[in-house]
Amino acid sequence: RVENYRVFFVSLYYFAASFIQMAIALFFGTILSFSVRGKNIFKGILFFPNLINGVAIGLIFLYFFKDTGTLNSVLKLFGFQEVLWLSNPDLVNYSLAGTSIWRYMGYNMIMFLGAIQSIPPEIYEAAELDGANKWQVFRRIIFPSILPIVKLMFILSITGSLSAFETPYIMTGGGNGSETFVIRTVSTAFNFNKIGLASAMAIVLTVIVLFVSFIQNKFF
């Protein structure tokens with residue numbers, strides 16, 4: 029039945045969000061690696077979500093997205109109708125994936141920033157003497173130099189998207205079509221006491237993660 033495989037389709041929202049998250053993190057990491065006024069403040073603001081416990085983030089965004097929450101209050105203030113961010117099955121996974129982007133983007137940004145700052149400045153000076161513009165510097169120098177870190181962060185982000193648990197469990201409990209594979213596994217083990225089946229599901233998830241990691245490794 030299609031319902032039995034829906035948990036895999038839900039993972040696609042987090043899978044797509046991981047690409048968006050990496051792109052944003054790489055953008056800010058590149059910008060903040062150069063001389064920008066107040067860059068330490070921006071780094072602190074962007075990295076701050078990574079310091080918050082996952083349960084706390086789930087509760088914060090639960091009150092932010094719920095029907096009478098902060099976001100709908102702001103929308104009503106500007107004359108818009110309230111949106112059922114968590115109650116509407118067509119929107120709930122977008123809301124949860126957006127929360128994951130906000131939570132993990134800062135960590136990826138710091139990793140990219142550290143890798144970019146390890147590039148010797150003499151290379152930038154040589155590129156500047158050759159008349160390279162910012163895009164050429166990024167494409168020919170920065171991105172090839174940090175490719176191992178990009179590879180690692182892609183593996184961590186995508187495998188994390190396949191095993192999403194905290195955010196959807198705290199915010200929706202897997203309801204309204206937001207149940208992930210891990211939530212289904214936990215529910216099978218502790219709600220229905222089918223420990224053997226849940227263990228088999230965990231092994232299946234491990235095989236999927238290993239397969240995706242292998243494909244990524246071959247791609248890079």
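My numbering applies: residue 29 is where the sequence shown begins, and numbers increase by one.
By construction, the Cβ of each residue, glycine as well, lies at the ideal position given by its N, Cα and C atoms.
If you're wondering where the values come from, they're calculated on a predicted model, not measured in any experiment.
Span separating the alpha-carbon of residue i from that of residue j
i	j	result
Y41	T127	12 Å
V102	A84	22 Å
V64	F182	27 Å
N245	I223	33 Å
T216	I231	14 Å
L87	T195	9 Å
N204	N116	7 Å
L157	I236	48 Å
G107	Y152	50 Å
G72	L79	10 Å
S61	L124	30 Å
G202	Y33	14 Å
A143	F43	24 Å
Residue i, enclosing alpha helix (DSSP H) - first and last residue
i	result
Y152	149-157
Pair within 8 Å by beta-carbon distance, residue i and residue j
i	j	result
T58	F220	no
V35	T208	yes
I170	M139	no
G134	P77	yes
S46	S185	yes
L233	L190	yes
Ignoring anything shorter than 4 residues, give me the alpha helix (DSSP H) runs that lie fully in the segment 57-129, in order along the chain. If only uninterrupted alpha helix (DSSP H) runs of at least 4 residues are considered, those enclosed by the segment 57-129 are 67-75, 82-93, 98-105.
Any alpha helix (DSSP H) of 4 or more consecutive residues that is wholly inside the segment 159-227: Counting only runs of at least 4 residues, the segment 159-227 fully encloses the following alpha helix (DSSP H) elements, listed from N- to C-terminal order: 162-165, 175-190, 194-199, 209-218.
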